[in-house]
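There are 4 protein chains.
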Amino acid sequence: MLKRRTDLAAEAAQLWQEEAGTTTRLEGVRARDSAREGFRVTTVQILNEEGARALGKPEGTYVTLELDGLLRREEGAFPRAARALATELSGLLELPDGALVLVVGLGNRAITPDRVGPRTAEHIIVTRHLVERSPEHFGSFRPVSALAAGVLGTTGMESGELIAAVVERLRPACVVAVDALASRSVKRVGRTIQLSDTGIVPGSGVGNARKALNRGTLGIPVIAVGVPTVVDAATLACDLLAEAGKGDFEPEALGGAQGLIVTPRDVDAQVEDLAKVIGYGIDLALQPGLTVEDIDLLVS
Amino acid sequence: MLKRRTDLAAEAAQLWQEEAGTTTRLEGVRARDSAREGFRVTTVQILNEEGARALGKPEGTYVTLELDGLLRREEGAFPRAARALATELSGLLELPDGALVLVVGLGNRAITPDRVGPRTAEHIIVTRHLVERSPEHFGSFRPVSALAAGVLGTTGMESGELIAAVVERLRPACVVAVDALASRSVKRVGRTIQLSDTGIVPGSGVGNARKALNRGTLGIPVIAVGVPTVVDAATLACDLLAEAGKGDFEPEALGGAQGLIVTPRDVDAQVEDLAKVIGYGIDLALQPGLTVEDIDLLVS
Amino acid sequence: MLKRRTDLAAEAAQLWQEEAGTTTRLEGVRARDSAREGFRVTTVQILNEEGARALGKPEGTYVTLELDGLLRREEGAFPRAARALATELSGLLELPDGALVLVVGLGNRAITPDRVGPRTAEHIIVTRHLVERSPEHFGSFRPVSALAAGVLGTTGMESGELIAAVVERLRPACVVAVDALASRSVKRVGRTIQLSDTGIVPGSGVGNARKALNRGTLGIPVIAVGVPTVVDAATLACDLLAEAGKGDFEPEALGGAQGLIVTPRDVDAQVEDLAKVIGYGIDLALQPGLTVEDIDLLVS
Amino acid sequence: MLKRRTDLAAEAAQLWQEEAGTTTRLEGVRARDSAREGFRVTTVQILNEEGARALGKPEGTYVTLELDGLLRREEGAFPRAARALATELSGLLELPDGALVLVVGLGNRAITPDRVGPRTAEHIIVTRHLVERSPEHFGSFRPVSALAAGVLGTTGMESGELIAAVVERLRPACVVAVDALASRSVKRVGRTIQLSDTGIVPGSGVGNARKALNRGTLGIPVIAVGVPTVVDAATLACDLLAEAGKGDFEPEALGGAQGLIVTPRDVDAQVEDLAKVIGYGIDLALQPGLTVEDIDLLVS
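Protein chains in written order, with this note's numbering: chain A, 1 to 300; chain B, 1001 to 1300; chain C, 2001 to 2300; chain D, 3001 to 3300.
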């Protein structure tokens, strides 16, 4: 079992190897690197109980995209990132034609690094009502609904409760849930997106873990789209010291960082950029007939 | 039946009298004026089918507050207005002790005059989760949940569908629904609030009427809090001409105003002020133990 | 002299003709239509005192673009509109190479239809500090500064005072001033942009006219970029009645509309779209080496 | 000379003592604690060259308020904090009756912890134009102007350049400049306000130090109001380890934290609260005739 906590399976696998030593081999886990649209993609499959225990994550597939060019605002980086995300997401979705998908943005609008979920929902092309009302015009679109689930403190409901209520009513074939994550490494923040078919625990990013959203709790597949926007302050302290060769400490040993988060200075802008890329990526995956240019005209 | 449309029962009664002439008496409708905390209050009761047909509104009680001092930002106007709203609202609510109330903010965040509902939801003291989890501390509070229901174009769901789903799940004793209205008279805009026990049709304010929210559709009482933030442009044209003695025209005769709305120049600020007054008024009605100062500390 | 007021020279010329009758010819004014990037362009030149008196506008050149496709969100409409604006703007600018330009966004952030100026400033590629500090990298850029001038009520300064102070300090070769306008016709709102080399009177859009910004007051050329986002309510009333054949009334005769404005229902979104087009158009005019795609990467 | 950097004189004095050891006495610096409206106030006077060198700060008076109750949202904490700030600020201001004051909010609106300056400017009662235009009504008010100076990247001007240009034009008797600071200690963040009569270096909070604003650069007194909203990540790491007894490291030794900031999780809300307290405090100091309730009605 891992001593250190991370929301990213790719990080967990790496940490496990560090702790176990390179000679030991991690059973029940398969990891491979590839490239998509010029971005690095790491796919980690947790195949059985043993692998799940080792990495502290449920069995399933975890895909990590590293969107460095996006952060550097390289030309063409945005459409490439959206297409890469769409392709990897499509690989995790198993959807009958015309089946309804519910996209939920998790997190608290009032906390900048936690806003990525709700902001993503604003970039989703919502079609359920159009497909139902004028199939003659919109029959070629997949029906999609979107929801920013809010947070307990502002609704009095777990986002899981609200989503379960909506799922019961709309009966979608699948939920795509977007949320902020906490990263182990400052280098991941703002440039990594993790997709998985194992569902998600809302609020883990800013440290308010809630009931899980997954096939067990909702009765349908839940594809998670997680993006690290914060690093735990105590974790950061230990990493900085380790990097500087100042020794190896445990975050748990540092109590003084309660209620503090570490973010990039330009987290406000990064959250906007990431929400747009994720929103467009989901749109492209759910409406394969569309291009990035089409989406520019359909949402704003 | 009225020739001209208005969301305000007090206006409807007045228009009916104008059209019918002062000699005729409106059967099945009782109207009375009073004062609350220094503000004018008009209460219209529609008692039967005949009255409902005459005013084009369902049977029930409609209370109109005129908050002139608020708009002029008179000293003390805000707490007086919040208390007046709370008292009138309490008169319409029949709630067992400790029964859950769901407050819903209707309307589109992206359209300024339609934002009053969602912004109100942000001023609601949400307690359901606290009362459930630590009754020892919060047992004296009524459990309250709040929801900004969004709009069809951004969720793919009627707000009525979303609210019905949540009602089914949370089983509240009552829904309080806040929405923008269209006023017949420019003088009402930004300074009038209508309460009624008859429910509400979302979106009537900016002209996208949806399925009604009422006891018939939700199975529980729905108290509507409506606030005029817009005037229909064609209606305005006719009123201006009538006022100026330039004759009497029908709004329907003027086609050129599609998609236009008439608002006060400072509608952005008015919507913020109204949302705060309504939010505080609802808080005071639902949590009678609190004062305006308490709410200042609990919400922001 | 015109009986009716409009900020748009193209409208003024039209109104003059209506009032004078088709047989009379307007001396001292030359008007011509053309097309740019698929959009209709009307150029009105006021050549002398007589023309200025007739149209109630100073001598100079007024270019009106009609961006209908933009509003309908046609594919490619945005880059075409930005390029059309850039070309027409370049025709009015007479700038030595490397001369500093100051772009000012006029208007009140707190009033939606008045926000177009300040929002435009956020889309301007600001280069003055870069060109000064590392000419080796940015020598190919024109130095540009930008400023959202705020309004009297929030600064205690006329925007003209603030701009004059900055002009005195930075000594730019030219000011490009962006502001909201009032339109005579509801059809103009949100789809028309007027460029002129005669300067601008801040705040005319929402009815708080201030000291003029022009060569006389600032000592350098002032290119005005005006966009109608509101219609005066009384004006609207008269137009609606005229259209409906209900007779011809004077807006001045209608007193009841004080403090009211008429806007498109989606003015919030329209203001965002217009600010982006104008910002990109100015960027393209001032930095001819750049493309729309380049600007996407440089501003956000 | 101090090894460690802090913007707060009270922290600097404390650090100096730690480094020098309790036996040594710091010459040229006088520090005293007091209480104001129930909040702790520390006043540090740097009396000469020696003191300035020791603490790495210019000669002058530095007043630190610790607003703990505010953060805990205690009843009455807000008006008490505003009054405490007003009283301490008045002690630093030497203003002839009726002399104009310019309040400037420094910092970048697009970066949450840096937004405290611009947001404060929105709470300032601006009176210059009123006093000038209708002295008969507003003669009892001090003329005040306010300005959010923006940042180099969005204007192409140093905020110092813009402020100097405005000072040259308006000829105020004094500038009050509000900016975010970096704190040495996480405990200071969001609950401390430092006032000083020595001026300010814009942008030190988020690490983009600019030209100083002080009597030397502007020719008039500059009262600085600084509020720590961030902690340097490397500094935090060292502090956490020191607290945990893990040894003593230098922030400079930790390179890995570039571009990262540490903030409270609810920094968005804290910045809003602090901006309001500071704005109200400045209003009370500049308009002694007003109460907190008056300001509620005058600004929003």
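Just so you know, even glycine gets a beta-carbon here, dropped at the ideal spot from N, CA and C.
Rounded separation between residue i and residue j - CA only
| i | j | result |
| --- | --- | --- |
| isoleucine 3125 (chain D) | histidine 1123 (chain B) | 25 angstroms |
| alanine 242 (chain A) | alanine 12 (chain A) | 18 angstroms |
| glutamate 302 (chain A) | leucine 195 (chain A) | Any question about residue 302 (chain A) goes unanswered here, given that chain A covers just 1 to 300. |
| serine 2145 (chain C) | valine 63 (chain A) | 44 angstroms |
| serine 3183 (chain D) | threonine 3043 (chain D) | 17 angstroms |
| cysteine 311 (chain A) | glutamate 50 (chain A) | Given that chain A is displayed from residue 1 to residue 300, the structure contains no residue 311 (chain A) and the question cannot be resolved. |
| phenylalanine 1039 (chain B) | alanine 1149 (chain B) | 31 angstroms |
| alanine 2180 (chain C) | leucine 2106 (chain C) | 8 angstroms |
| leucine 2015 (chain C) | glutamate 2027 (chain C) | 15 angstroms |
| leucine 1085 (chain B) | leucine 1236 (chain B) | 28 angstroms |
| alanine 2212 (chain C) | glycine 2091 (chain C) | 22 angstroms |
| glycine 175 (chain A) | arginine 142 (chain A) | In the sequence under discussion, the amino acid at residue 175 (chain A) is valine, which differs from the glycine named in the question. Approximately 14 angstroms between the Cα atoms of the pair. |
| leucine 1047 (chain B) | arginine 1025 (chain B) | 14 angstroms |
| arginine 3053 (chain D) | valine 3029 (chain D) | 10 angstroms |
| threonine 198 (chain A) | glycine 216 (chain A) | 10 angstroms |
Where residue i sits in the DSSP three-state scheme
| i | result |
| --- | --- |
| leucine 2065 (chain C) | strand |
| arginine 1025 (chain B) | coil |
| glutamine 287 (chain A) | coil |
| threonine 87 (chain A) | helix |
| phenylalanine 2078 (chain C) | helix |
| leucine 106 (chain A) | coil |
| threonine 127 (chain A) | coil |
| serine 2034 (chain C) | strand |
| threonine 1229 (chain B) | strand |
| alanine 3212 (chain D) | coil |
| threonine 3263 (chain D) | strand |
| threonine 3154 (chain D) | helix |
| valine 1186 (chain B) | coil |
| serine 97 (chain A) | It is worth fixing the name first, because residue 97 (chain A) is aspartate in this sequence and not serine. Three-state DSSP puts aspartate 97 (chain A) in coil, outside helix and strand. |
| threonine 2112 (chain C) | helix |
| threonine 192 (chain A) | strand |
Close-in-space but distant-in-sequence residues of the same chain around residue i (CB under 8 angstroms, 5 per side omitted)
| i | result |
| --- | --- |
| proline 2264 (chain C) | Val2189, Gly2190, Gln2270 |
| histidine 2137 (chain C) | Leu2130 |
| leucine 3162 (chain D) | Leu3147, Ala3149, Gly3150, Thr3155 |
| proline 172 (chain A) | Ala99, Leu100, Val101, Leu102, Ser145, Ile220 |
| glycine 3076 (chain D) | none |
Cutoff 6 angstroms; reference residue i; Cβ partners in own chain excluding five residues on either side
| i | result |
| --- | --- |
| arginine 109 (chain A) | Arg115, Pro118 |
| proline 3113 (chain D) | Ala3180, Thr3229, Val3230, Thr3263, Val3267 |
| leucine 1274 (chain B) | Val1116, Val1227 |
| aspartate 33 (chain A) | Thr42 |
| proline 1079 (chain B) | Val1292 |
Own chain partners of residue i with C-beta closer than 7 angstroms, once the 5 adjacent residues on each side are dropped
| i | result |
| --- | --- |
| phenylalanine 1249 (chain B) | Cys1238, Leu1241 |
| valine 166 (chain A) | Leu102, Leu147 |
| proline 202 (chain A) | Leu106, Ser159, Gly160, Asp179, Arg210, Leu213 |
| glycine 1281 (chain B) | Ala1082, Leu1085, Ala1086, Leu1089 |
| valine 1222 (chain B) | Val1175, Ala1177, Gly1199, Ile1200, Leu1213, Asn1214, Arg1215 |
Worksheet item: For the 8 angstroms Cβ check, are there 3 or more pairs between the segment 1282 to 1300 of chain B and the segment 1257 to 1268 of chain B?
Response: By the Cβ criterion, the segment 1282 to 1300 of chain B is not in contact with the segment 1257 to 1268 of chain B, since fewer than three pairs of Cβ atoms, one from each stretch, lie closer than 8 angstroms.
Listed from N- to C-terminal order along the chain, which residues in the segment 1056 to 1082 of chain B have their beta-carbon within a distance smaller than 9 angstroms of any beta-carbon of chain D? Flagged, chain order: Arg1073, Glu1074, Glu1075, Gly1076, Ala1077, Phe1078.
- Message: Using 8 angstroms as the cut-off, can you tell me whether the segment 2155 to 2162 of chain C makes contact with the segment 3126 to 3136 of chain D, which would need three or more C-beta pairs spanning the two stretches below that distance?
- Response: Yes: the two stretches touch, three or more of their Cβ pairs being nearer than 8 angstroms.
| message | Taking beta-carbon pairs under 9 angstroms, can you tell me which members of the segment 3258 to 3284 of chain D lie near chain B? | response | For the segment 3258 to 3284 of chain D, which is checked against every Cβ of chain B, the residues closer than 9 angstroms are Ala3269, Glu3272, Asp3273.
Quiz prompt | Positions along the segment 111 to 125 of chain A whose CB lies within less than 9 angstroms of some CB in chain B | solution = Residues Ala121, Glu122, Ile124.
For the pair the segment 1066 to 1082 of chain B and the segment 1094 to 1102 of chain B, tell me if three or more CB-CB distances fall below 8 angstroms. Fewer than three Cβ pairs drawn from the segment 1066 to 1082 of chain B and the segment 1094 to 1102 of chain B lie within less than 8 angstroms of each other, which leaves the two stretches out of contact.
At a CB distance below 7 angstroms, what residues from the segment 3023 to 3051 of chain D approach chain B? Give them in sequence order. Within the segment 3023 to 3051 of chain D, no residue has its Cβ closer than 7 angstroms to any Cβ of chain B.
Taking only beta carbons into account, state which residues of the segment 3003 to 3022 of chain D come closer than 8 angstroms to chain B, listed in chain order. So nothing in the stretch comes that close.
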